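Going line by line, the protein sequences match chains G and W. Here the first sequence stands for residues 152 to 473, where the numbers follow the working numbering. Here the second sequence stands for residues 171 to 423, where the numbers follow the working numbering. Every residue, glycine too, gets a C-beta built ideally from N, C-alpha and C. Keep in mind the model is a prediction, meaning the values are calculated, not measured. Below is one structure, written out as structure tokens; the observations come after it.
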Amino acid sequence: MARQRASYPCGVPSPPDSQPALDVRDLVKRYGATTAVAGLSLAVDRGSVLALLGPNGAGKTTTVEVCEGFRHADGGSVRVLGLDPVRDAAALKPRIGVMLQSGGAYPAARAGEMLRLVASYAAQPLPVDDLLDMLGLQDAVNTPYRRLSGGQQQRLSLAMAIVGRPELVFLDEPTAGLDPQARHATWKVVEQLRADGVAVVLTTHYMEEAERLADRVVVIDHGKQVAQGSPAELTHAGAAGQLRFSAPPGLPLDSLRAALPEGCRVTEGERGSYLVEGAVDPHLLSAVTSWCAERDVLAADLRVERRTLEDVFLELTGRELR
Amino acid sequence: MIDSLAPRPGAAPLPRMLLSQARMELRLILRNGEQLLLTLIIPLLLLAILVETPFVPVDGRRVDVFVPGIMALAIMSTAFTGQAIGTGFERKYGVLKRLGATALPRAGLLGGKTLAVIVVELLQLTVVLGLGVAMGWRGHPGPGGVLLMVALGTAAFSGLGLLMAGTLRAEITLAGANLVWFLLLFFGGVVFPLSKFPAGMARWLEFLPTAALADGLRAALERGANLPVQPVLVLAAWAAVGLGFAAVKFRWE
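Take a look at the structure:
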């Protein structure tokens, strides 16, 4: 072990902090007449997580596979750890970790065997047994891949992606179809990768997942970026929101409207439950409570409902099924 | 306990990857019951039946006629049929694509497969020859000629198998590789010596890879021939065509 470390010095020359781990500019990818990715730009720093969010067929997997070197870009530039993913593939492959959406193991290989095989390609792999433990696969070590449950296959695939201690990890829908325990185990791994300075790109349908894990979210649809930002920026952007409170029925709504900024809608629902819709900010909140105070009305159950990432997502990409 | 996932990337030295890949491929072949049936059981059973029963008329001692043909069959089973089917399904299941995203170069993957195939072939040849000797086979084998024929046969059949696996759907490869195996069993000089076919037909059948391999092995095993010219040329041509097309046409996913 000591000798190995000596011949493979720790770490590779890290590019300056100003250079992102992944730098995609104006990426275009066509399949025949279909344009799968139509001018997408992304940047991911070391120690940060980027979530690519989008409906089925939005171009997420295509984008990731161009970055992994599986497909040629038709336009734009892609730099992965400063390298060209196709031309510099041999130099790049040992430095990245890839989790495909499905498959990717010999059906007859046992889980432990498969992970050990992938570990053997790396100069300084993670300890295989510990990694199996970490992902709750110790009971499946001797089970052939084809007999693993879907969740076990996903976790093995994640293990295969990180066993070589990569600098940048691509996870294509890492938690699709996982039960809550397995999902949390996967999230913990992503959080630890981030904390340890690894750059992570993940695609997901799960808003919760993007909200919890991502430093930046890029929402794409039809191969284009439709929004991007931190989860908080996205959910506050536009500030459309709702404020609800309950009070005695029959308050004069016209007077309340007049006390609020332009464009707010105020309605009374059943039995004195009131709803204010508009740009919910601290001033609006204060205007509502002052108006109530002037009338000596106690606004009970007052709550501000901000948009979830899911609301943002549906607003941006439409509600129709694909 | 893993306390850090901090990056420490790097590829293992190529020989280590190659060995580890070959070990995996070998374990998968030996674990596959159908493939063992094809590579070991059927050749041994056929040899015993052909030698011990008079159904197929031959000129000369039965065991001397059939041992080289069964060896050619064994090599075809492993390098062509087994490899085509195995690789075809690996492609279908995304294994080839997945491994393409690791530090293992394509050459390492193919080299690992080839090493595993050669180990299985040496095992097969030992067992077939052992059974042959037990049934009275006597020859004057020339190790150089035998190894040359094994190497050329492996190259020719691997090229053809990988060409099928890399271009056709896995299910079609499965059916096709078995069908080709079956046809070459009967028309490739394994079960029926080519001398039993009409002369006009036999002249062409000689150019089948199985027939050429059986012929070359016969010369190398019985007379110690180091360079059986026609079989060498025929197999080299098949290898060039198969490997050449496979190199150009093979799709990894």
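Can you grab the Cα-Cα spacing for the pair G:Gly-287 / G:Arg-306, in whole Å?
For the purposes of this step, residue 287 of chain G is taken as residue 136 along the first sequence, with counting starting at 1. For the purposes of this step, residue 306 of chain G is taken as residue 155 along the first sequence, with counting starting at 1. Straight-line Cα distance between these residues: approximately 8 Å.
Nearest by alpha-carbon distance to G:Gln-304: which of G:Leu-319, G:Glu-324 and G:Val-370 is it?
Taking the first sequence and counting its residues from 1, the one referred to as residue 304 of chain G is at position 153. Cα-wise, what sits closest to G:Gln-304 is G:Glu-324.
Kindly list, in the order they appear in chain C, the residues whose Cβ is closer than 9 Å to that of W:Lys-267.
You won't find chain C in this structure, because its protein chains are G and W.
For a quick check, are the C-beta atoms of W:Val-228 and W:Val-235 less than 7 Å apart?
Locating residue 228 of chain W in the second sequence gives position 58, where the first residue counts as 1. Locating residue 235 of chain W in the second sequence gives position 65, where the first residue counts as 1. Yes; because the gap between Cβ atoms is below 7 Å, this pair is in contact.
Spell out whether any CB of chain G is found under 7 Å from the CB atom of W:Met-187.
Here residue 187 of chain W refers to the residue found at position 17 of the second sequence. With 7 Å as the cut-off, W:Met-187 counts as an interface residue toward chain G.
Quick one, which of G:Thr-355, G:Asp-174, G:Ala-224 and G:Leu-251 has its alpha-carbon nearest G:Phe-464's?
Within the first sequence, numbered from 1, the residue matching residue 464 of chain G stands at position 313. Of the candidates G:Thr-355, G:Asp-174, G:Ala-224 and G:Leu-251, the one whose C-alpha sits nearest the C-alpha of G:Phe-464 is G:Thr-355.
On the DSSP bridge list, what partners appear for G:Lys-375?
One-based indexing of the first sequence puts residue 375 of chain G at position 224. In DSSP, G:Lys-375 forms a bridge with G:Asp-372.
Rank W:Ile-255, W:Gly-180, W:Trp-374 and W:Pro-185 by C-alpha distance to the C-alpha of W:Leu-346 and give the top, closest one.
Taking the first residue of the second sequence as position 1, residue 346 of chain W is located at position 176. Here residue 346 of chain W is Gly; the residue named in the question, Leu, does not match the sequence. The shortest Cα separation from W:Gly-346 among W:Ile-255, W:Gly-180, W:Trp-374 and W:Pro-185 belongs to W:Ile-255.
Could you tell me the boundaries of the alpha helix (DSSP H) in which G:Val-474 lies?
The structure shown has nothing for residue 474 of chain G, since chain G only spans 152 to 473.
Could you confirm whether any beta carbon from chain G is found closer than 7 Å to the beta carbon of W:Arg-261?
Translated into positions along the second sequence, residue 261 of chain W becomes position 91. Judged by the 7 Å Cβ criterion, W:Arg-261 is not in contact with chain G.
Chain G partners of W:Arg-201, CB-CB under 8 Å?
Here residue 201 of chain W is taken as the residue at index 31 of the second sequence, counted from 1. Chain G residues near W:Arg-201: Ala-259.
If contact means a Cβ-Cβ distance below 7 Å, which residues of the segment 306 to 320 of chain G contact chain W?
From the segment 306 to 320 of chain G, only Ile-313, Gly-315, Arg-316, Pro-317 and Glu-318 have a Cβ closer than 7 Å to chain W.
Of all the residues that make up the segment 269 to 283 of chain G, which are near chain W by a beta-carbon distance shorter than 8 Å?
Taking 8 Å as the Cβ-Cβ cut-off against chain W, the residues of the segment 269 to 283 of chain G that qualify are Val-269, Ser-271, Tyr-272, Ala-273, Ala-274, Gln-275, Leu-277, Pro-278, Asp-281 and Leu-282.
What residues from the segment 325 to 357 of chain G come within 7 Å of chain W, judged by C-beta to C-beta, listed N to C?
Cβ contacts with chain W: Gln-343, Leu-344, Asp-347, Gly-348 and Val-349.
So which residues of chain W does G:Ala-194 contact, with C-beta pairs closer than 7 Å?
Along the first sequence, read from residue 1 onward, the residue named residue 194 of chain G stands at position 43. Those do not exist, as G:Ala-194 stays about 18 Å from chain W at its closest Cβ, beyond 7 Å.
In the DSSP assignment, find the beta strand (DSSP E) that holds G:Leu-355 and state where it starts and stops.
Walking along the first sequence from the start, residue 355 of chain G turns up at place 204. Sequence check: residue 355 of chain G is Thr here, not Leu. Looking at the DSSP string, the run of the beta strand (DSSP E) that includes G:Thr-355 is 350 to 355.
Which residues bound the alpha helix (DSSP H) around G:Leu-426?
Translated into the one-based positions of the first sequence, residue 426 of chain G becomes position 275. Where G:Leu-426 is concerned, there is no enclosing alpha helix (DSSP H), although the beta strand (DSSP E) it sits in stretches over 424 to 430.
When the Cβ atoms of the segment 180 to 196 of chain W are set against those of the segment 275 to 282 of chain W, are three or more pairs found closer than 8 Å?
Contact between the segment 180 to 196 of chain W and the segment 275 to 282 of chain W is present, because at least three Cβ pairs lie under 8 Å.
How would you write the range of the beta strand (DSSP E) that G:Thr-185 sits in, first residue to last?
Numbered from its first residue, the first sequence carries residue 185 of chain G at position 34. Taken as a continuous stretch (DSSP letters only), the beta strand (DSSP E) holding G:Thr-185 covers 185 to 195.
Report yes or no: is there a C-beta of chain G within less than 7 Å of the C-beta of W:Ala-176?
Working through the second sequence from its first residue, we reach residue 176 of chain W at position 6. Chain G contact via Cβ: present.
I want to see whether chain G comes within less than 7 Å of W:Met-194, judged by CB atoms only; does it?
Working through the second sequence from its first residue, we reach residue 194 of chain W at position 24. Yes, contact with chain G.
On the premise that W:Leu-220 lies in contact with W:Val-361, defined as a C-beta separation below 8 Å, what is that separation, rounded to the nearest angstrom?
Taking the second sequence and counting its residues from 1, one reaches residue 361 of chain W at position 191. Taking the second sequence and counting its residues from 1, one reaches residue 220 of chain W at position 50. That pair is a contact at about 7 Å.
Select from the segment 229 to 259 of chain W all residues with a C-beta closer than 8 Å to any C-beta belonging to chain G, and list them in chain order.
Answer set for the segment 229 to 259 of chain W: Phe-259.
Please tell me whether G:Ala-187 and G:Gly-210 are closer than 7 Å, where the distance is taken between their beta carbons.
Position 36 of the first sequence, counting from 1, holds the residue named residue 187 of chain G. Position 59 of the first sequence, counting from 1, holds the residue named residue 210 of chain G. Taking 7 Å as the Cβ cut-off, G:Ala-187 and G:Gly-210 qualify as a contacting pair.
Does any residue of chain W have a CB that is nearer than 7 Å to the CB of G:Lys-180?
Position 29 of the first sequence holds residue 180 of chain G. Not closer than 7 Å to any Cβ of chain W, the Cβ of G:Lys-180 fails to qualify, so no.
If I follow the unbroken beta strand (DSSP E) through G:Glu-318, where does it start and stop?
Along the first sequence, one-based indexing puts residue 318 of chain G at 167. Counting along the chain, G:Glu-318 falls outside any beta strand (DSSP E), and DSSP gives it neither H nor E.
Count the other CB atoms within 10 Å of the CB of W:Met-171; is the residue buried (16 or more) or exposed (fewer)?
By one-based count along the second sequence, residue 171 of chain W stands at place 1. W:Met-171 is exposed by the Cβ-count criterion.
Please return the same chain residues whose Cβ sits closer than 8 Å to the Cβ of G:Leu-268, not counting the five positions on each side in sequence.
In the first sequence, residue 268 of chain G corresponds to position 117, counting from 1. Contacts found: Ala-260.
Please list, in chain order, the chain G residues whose beta carbon lies closer than 8 Å to that of W:Ala-273.
Taking the first residue of the second sequence as position 1, residue 273 of chain W is located at position 103. Correct list: Lys-244, Pro-245, Tyr-272, Ala-273 and Gly-315.
By the 10 Å Cβ neighbour count, where 16 or more other Cβ atoms means buried, how is W:Gln-205 classified, buried or exposed?
To locate residue 205 of chain W, count along the second sequence from 1; it is residue 35. Buried: at least 16 other Cβ atoms inside 10 Å.
Roughly how many whole angstroms lie between the Cα atoms of G:Leu-283 and W:Ile-342?
Numbered from 1 along the first sequence, position 132 holds the residue referred to as residue 283 of chain G. Numbered from 1 along the second sequence, position 172 holds the residue referred to as residue 342 of chain W. Approximately 36 Å between the Cα atoms of the pair.
Could you tell me the alpha carbon to alpha carbon distance between G:Ala-202 and G:Leu-178, rounded to whole angstroms?
Position 51 of the first sequence, counted from the start, is the residue given in the question as residue 202 of chain G. Position 27 of the first sequence, counted from the start, is the residue given in the question as residue 178 of chain G. C-alpha separation (whole angstroms): 17 Å.
How many angstroms separate the CA atom of W:Ala-417 from the CA atom of W:Gly-306?
Start at 1 with the first residue of the second sequence, and residue 417 of chain W comes out as number 247. Start at 1 with the first residue of the second sequence, and residue 306 of chain W comes out as number 136. Spanning the two alpha carbons is a distance of roughly 43 Å.
Cutting at 7 Å between CB atoms, please list the residues of its own chain near W:Gly-252, excluding the five before and the five after it.
If you number the second sequence from 1, residue 252 of chain W lands on position 82. So the qualifying residues of the chain are Ile-199, Gln-205, Leu-208 and Thr-209.
Pick from G:Ile-313, G:Val-237 and G:Gly-423: whose alpha carbon is nearest that of G:Leu-402?
Residue mapping note: residue 402 of chain G aligns to position 251 of the first sequence, counting from 1. For the residues G:Ile-313, G:Val-237 and G:Gly-423, the minimum Cα distance to G:Leu-402 belongs to G:Gly-423.
Tell me whether the beta-carbon of W:Pro-401 lies closer than 7 Å to the beta-carbon of W:Gly-386.
Against the second sequence, residue 401 of chain W aligns to sequence position 231. Against the second sequence, residue 386 of chain W aligns to sequence position 216. Yes; because the gap between Cβ atoms is below 7 Å, this pair is in contact.
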